[in-house]
Amino acid sequence: MWKELRTLKPLLAKHWWRYTLGLLFLITIDYAQTEIPQFIKRIVDTILASGDETLLQSYLIFMLLTAAGIAIGRFMWRFFIHGASRRIERDLRARLFEHYMVLPMKAFQDNPTGELMARATNDMQAIRMLTGMAIVAFIDGFFMSTIVLVRMFTENPSVALRVILPLPIVTFIIIFFGSRIGKRFKKIQEIYGRMSTLVQEVLQGIRVVKAFVKEDFFKNRFEKENDAYRTANMSLVLLFGFFFPLINFIAGITMLILFIAGGNAILENSMSAGTLTAMIAYLEMLLWPMIGAGFTVNTIQRGLASLKRINEILQIPQEEKTRNGAGAVTIPQRGNFVFNNLSFTYPGANKPALDSVTFTISCGTTFGILGRIGSGKSTLLKLMTRILEPEQNQILYGNVDITTIDIDQLRKLFGYVPQESFLFSDSIKNNILFANPDLSDDELQNIIQIAGLEPDLALFPQGIDTIVGEKGLTLSGGQKQRVSIARALAVNPEILVFDDALSAVDTETEEKILKALCMLRKGKTNILVSNRVSTLQIADCIGVFSNGELIQLGTPEELLNQEGFFAEIAHMQSLSKEKDSYYE
Amino acid sequence: MSDFFDSDEIVKNYDSAIIKRIFSYTKNHKVLLLLIVICLLISTIAELAMPIISQKIIDDVLIVSYVSVGNNSMLVKEISDEFPKIKLLSIHDTYFIRKKDFMLFSNALQKKIESEVTVFKGEYYIASVNQDSLKIVKNYNAELILDSNLLAIQLDKLKTFSKSDLKIIRSNDYKKLNLYGVLFFIAVCAALFGTFFQTWSTSLTGQYVMKSIRMQLFDKTIHQSLNFLTRQPVGRLVTRLTSDVETINEFFTDVVVAFIKDLSVMIGVINVLINMSLRLGLVAILSIPPVLIITSIARKKARDAFRKQRKILSKLNAYIAEHISGISIVKIFSRQNHVVKIFKEINHDLMKANLGEMYVMATFRPVIEFFSTTSIAVILWYGSGLYKSGFVSLGTLVAFVNLVRMFYSPLQDISEKFTILQSAMAGGERVFKLLDVQENIPDTGNKTLQNVQGKIEFKNVWFSYKENEWVLKDISFSVQPGHAVAIVGYTGAGKTTITSLLPRFWDIQKGEILLDDIPIREFSLKALRSYIRPVMQDVFLFSGTIAENIDLGLGLSREKIVEAATIVHADEFIQKLPQKYDTVLGEGASNLSAGQRQLLSFARVVAHNPEIIILDEATSSIDSETEHLVQLGLEALMENRTTILIAHRLSTIQHADVILVLSEGRLIEKGTHNDLIQLKGVYYNLYKLQFQNQGI
């Protein structure tokens, strides 16, 4: 348990003065609160005895002043302690997110997005409760109950002893219910999840549902889930419905004991009526610490569990800047990419994704890659950018093993246009400037033109400031690809990578883009992955991949005149190109 | 980039139409509603009874004193006439009344009594006479009056008695104390069970209401036309059916009953207060308006703060989710620092919004608490005056303190309840809006066929998705029973649309479609769709087992399912799966290849044994091994069935009895493969360009 708290220690320490002040206020008002029944007692006894008005007035004024002080104190401890816990939440979340950004890609495969999200949201909430309410409830409960108990025992020890006996039961009830409620709640969540999945599926597959006239079938299934949901909910109600009434019940029983025991004491002349009224008020004050104690236990349990989950992620080591943390080698300004017997097997796979591939991408040339799905071409690109970590000395850049280059420096060489365009929900402009916010407006205009975005932007109401919907939903596939091309061009990279990035763009636009690109990228390295032979025509050299092996390598002309995969594809595509031209 | 993440209102103001509509769903649960009312009554009464009992304990048991009103029978008669409720005890012809009753008398009457009473002045305690009590009283040598039943002893003297003696003298009080104790215990138990069953019955009602709304909405939604459904993002509809309905439930369980309960407790408290003492009750009532004002201010502030917080929270969540899914982009451009910087800004904004909400709560609660204490102070101060002039008893005063606390406790979380109310209003509005949409295909026909021949005829069919953008223009063709017709054409020619018209996913605007010479509108939708089964290009499989996906609730035996799969050659790959037919398909059936999914959808169609099939052939690449199987499956599927094929593979097309060539929504060529090749028209070109290299 203490081990997990390590993460919180510096954060708690940072806000020590907030906690100190907050707890001071808390303890002070705890004390002040126990003064109120004293006032009531004195007032009642004064009323019963003499009815001395000036005495009464002064009591009342002091009571009101105390109450005002309590109100201010309550605000103050919330201000300081909640202030601290909200800040800790913020800082820990920021730290976690920062860590997400430097985690190796493998961590994202091991932990689904939902899990990582939960840690940054729900778990953070539990941490906030742990560093806020749990501390308050603990300190408050401890001091309040101590002060109240002292007061009650001073008033009348024998009555006090009998009255407080059932109170610890409250704490046990809360601890007992807490874990069980948690379990049943989880069950509800599970069924709720099933229910929404069902709805989602039915709506996504609505054509099948309608075509097969399965409306009633799915309605029945939905009804069954609804019934299960109700049953699960009601089983929680069975616990939850008893929870607060039971606490009130025990509070009522202690009150009853107070009346019987206190009543006896008054009948025996050993206690005053005023004391009884004070004891009533104290009893109410004792109830909250007992509830608080139970909640504290639950909150701490939950908070620690969340902290553990967060720690698990924080403990995953960052993506290594260089292999084995060795000192980074200065990155060569320019250079050839040499693939030296490159092999790679995904963990758990029985067949290598790349098998002893050897070739060179010369500096300043355009290299084309052709291959079917699963041929290993994407793996190759991932290894080059160290999204996947290659073995030592299998990939060299300017004669330097890329695993010895600082990873950020290596990646800054590249402008990457991925196969599936991923845009952030931000304006088109910000998406283009994602990697290079300092781009001048002239350069931006130039890039937009090269990426063939100009006619699209004219269509959008806000032009370049149009917000891209979540995951780029408001743009067409081709538009998204062109924005991500512009994004890659914006960094003016040493090496530009097109991972089948023109697939959603029509041939005419493609041709235009490629022409403009050739002009712009003269003297720089380009890597072009495509299934279109026409696209690959502009390459200086083409590598053809199949089943993880490099099966053909040569200039487009060489490959066209060679019997093999490339020529076959070229033949097929030239025919369909005719079809296109026919249709125009 | 403010609120496209969360354009839906989160909170909405009170709307009685929505409330009424929500309540209309409780109509079928009258017994539960009755139970709720009974439990509400029991728990409210029990809660109010507790302070009343404690008042009785103090006034009737703990602090009891009597004063003498003398022996003037005229005066005694006057008193009993004026205050018939007052109990007069006579001891040896001298009358005694409770001091608290005496205090209620007018000044004139009090003076009159005081002048009458000459012998037994001061406060007395009255006990019953028996051997033990007589003995004790004598021991203390106290001045007393007694007859055979009762004895009166001076209160001051009583205070000098020993504990054991007091027990005997005040034995009646001990008995009463125990009696009240039992009553109190009953009240505590009643509160326990009353509150529990109240929670239970409201939750159950809420669950039933939620289910009714969900079922109604589900039924309504799945019967809406595809035209409507394709316009709606699936995610939004799912939210309506799940979380929006959930807010209505919260409204039930957390708001309605709590409101009624709180309100009845508050009204009850006021009632009891006024009954105990009119003046003190009025004082308590006076504190209501300022509290209401504060509450309404806090409510508004809390709502604004809550809205702001929710908005930033969803922005933050979207940001995290997006950058986790887009992590490879962040990494490849090595923009971690920049992304983290922006995140920190949003994160900080969230903290500020959180703190803003906290400040509202941190101000509101202590202020309400302070009001509660102030009311108590005012009551004590005012009450002390009343006590001195005899208008209230100590027990009343103590009960008041408790009752005032009870009065204020519901106010503590009233603003939270308002927030729930408001989000339920917003949720309810969205749910009912969706429920009121009427966009289904009119199911007006009632014809069914015993024996479907499978003759299909399109007569001058015109169709458009959007007004005046005709997708199909004047299409006419007919298919003889058992024949196969292949539709070919470029993308966008309207091929796929034809498949949606026959089962009436969309209704045509002009012309007529006939099945066995009967217009399809004259069939009931259910019947029509059971004769025709389309096989879609992208196969949709539901999560569940393979068998369940073939069967889709038909309730077929395992043999029949296997038979269906075997006919279309799906059995071969299914047998190779670890759990065979019980293999659970993952989300989107990602554990199957495209070809396998095709085969599974063929099996599904065979299991449903339709007379007519519409087949939209998959264009997606399938590995050559499965491709062969798909081809075989297809042939099996088409056997003895009227088939409409949207074909991409030459081999499939060549097997068709008739080929229709569509271009820009018009039927331009019609005939067999050989006819059309000889025609040297569009089909010929298509054939040459598109199909030649597939190899025949």
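From first to last, the protein sequence lines are chains A and B. Each number in our numbering comes from the position in the first sequence (counting from 1) with 468 added on. Numbering-wise, our numbering puts 624 at position 629 of the second sequence, and it's gapless, one number per residue. All C-beta atoms, glycine included, are put in the ideal place defined by N, C-alpha and C.
Asked: So, A/Ile728 versus B/Gly176, is the Cβ gap smaller than 8 angstroms?; Found: yes
Asked: Taking the CB atoms as reference points, tell me whether B/Ala565 and B/Leu536 lie closer together than 8 angstroms.; Found: no
Asked: Does the distance from the C-beta atom of B/Val355 to that of B/Ala297 stay below 8 angstroms?; Found: yes
Asked: Using beta-carbon positions only, say whether B/Lys454 and B/Phe518 come within less than 8 angstroms of one another.; Found: no
Asked: Rounded to the nearest angstrom, how far is the Cβ of A/Val627 from that of A/Met747, given a contact under 8 angstroms?; Found: 7 angstroms
Asked: Using the Cα positions of A/Asp578 and B/Asn222, report the straight-line distance between them to the nearest angstrom.; Found: 40 angstroms
Asked: How is A/Arg1111 classed by DSSP in three states: helix, strand or coil?; Found: What the structure shows of chain A is the stretch from 469 to 1052, and residue 1111 of chain A is not part of that stretch, so it cannot be assessed.
Asked: May I ask you to report which of helix, strand or coil DSSP gives B/Thr113?; Found: coil
Asked: Taking 8 angstroms as the threshold, find out whether the segment 513 to 524 of chain A comes into contact with the segment 569 to 576 of chain A through three or more Cβ pairs.; Found: no
Asked: Drop a sphere of 10 angstroms on the beta-carbon of B/Glu364, count the other beta-carbons inside from all chains shown, and report buried for 16 or more, exposed for fewer.; Found: buried
Asked: Apart from the five residues just before and just after B/Ser128, which ones in its own chain have a Cβ nearer than 7 angstroms to its Cβ?; Found: Ala122, Leu146, Ile163 and Ile164
Asked: Using a beta-carbon distance cut-off of less than 7 angstroms, what residues from the segment 108 to 125 of chain B approach chain A?; Found: none
Asked: Just to confirm the assignment, what range does the alpha helix (DSSP H) spanning B/Asp611 have?; Found: B/Asp611 -> not in any alpha helix (DSSP H); beta strand (DSSP E) instead, spanning Ile607 to Asp611.
Asked: Quick one: is B/Ser552 buried, meaning 16 or more other Cβ sit within 10 Å of its Cβ, or exposed?; Found: exposed
Asked: State the CB to CB distance for the pair B/Gln701 and B/Asn349, rounded to an integer number of angstroms; the pair is presumed to be in contact (CB under 8 angstroms).; Found: Nothing can be reported for residue 701 of chain B, as the shown portion of chain B is limited to -4 through 691.
Asked: Does the beta-carbon distance from B/Tyr377 to B/Val264 come in below 8 angstroms?; Found: no
Asked: Is the CB of B/Trp376 under 8 angstroms away from at least one CB in chain A?; Found: yes
Asked: Between B/Lys575 and chain A, is the shortest Cβ-Cβ distance under 8 angstroms, so that the two count as touching?; Found: no
Asked: Starting from A/Leu996 and walking both ways along the beta strand (DSSP E), at which residues does that stretch end?; Found: Thr993 to Val997
Asked: With respect to the alpha helix (DSSP H) encompassing B/Tyr403, which residues constitute its N-terminal and C-terminal limits?; Found: Leu389 to Tyr403
Asked: Closer than 8 angstroms, CB to CB, is A/Gln668 near chain B or not?; Found: yes
Asked: So, at 8 angstroms on beta carbons, what are the nonlocal neighbours of A/Pro820 in its own chain, with the 5 sequence-adjacent residues on each side left out?; Found: Ser811, Phe812, Thr813 and Gly1016
Asked: Give a yes or no on whether the minimum CB-CB distance between A/Ile768 and chain B is below 8 angstroms.; Found: no
Asked: Output the distance between the C-alpha atoms of B/Ile13 and B/Phe427, rounded to the nearest integer angstrom.; Found: 8 angstroms
Asked: Nearest-angstrom Cα distance between A/Ser553 and B/His318?; Found: 26 angstroms
Asked: Run down chain B in chain order and give the residues with a C-beta less than 9 angstroms from the C-beta of A/Asn716.; Found: Glu42, Val183, Ala186, Leu187 and Thr190
Asked: Within 8 angstroms (strictly less), CB to CB, does B/Ser615 reach chain A?; Found: At B/Ser615, the pLDDT of 45 sits below 50, so the modelled position is not reliable and the matter cannot be decided from this model.
Asked: Could you check what DSSP says for A/Thr475 in three-state terms: helix, strand or coil?; Found: coil
Asked: Does the Cβ of B/Met69 have 16 or more other Cβ atoms within 10 Å, making it buried, or fewer, making it exposed?; Found: exposed
Asked: Just verifying my parser: in three-state terms, what is the DSSP assignment at B/Phe500?; Found: coil
Asked: With a 10 Å radius around its C-beta and 16 neighbouring C-beta atoms as the bar for buried, classify A/Glu787 as buried or exposed.; Found: buried
Asked: Closest Cβ-Cβ distance between A/Lys948 and chain B: below 8 angstroms?; Found: no
Asked: Would you decide whether B/Tyr460 is buried or exposed? Buried here means 16 or more other CB atoms lie within 10 Å of its CB.; Found: exposed
Asked: Buried or exposed: A/Phe710, going by 16 or more other Cβ atoms within 10 Å of its Cβ?; Found: buried
Asked: By the DSSP assignment, the alpha helix (DSSP H) with A/Ile916 in it spans what residues?; Found: Asp909 to Ile918
Asked: Give me the subset of the segment 297 to 330 of chain B whose CB atoms are less than 7 angstroms from a CB atom of chain A, sorted by chain position.; Found: Asn312, Ala313, Ile315, Ala316, Glu317, Ile319, Ser320, Gly321, Ile322, Ser323, Ile324, Val325, Lys326, Ile327, Phe328, Ser329 and Arg330
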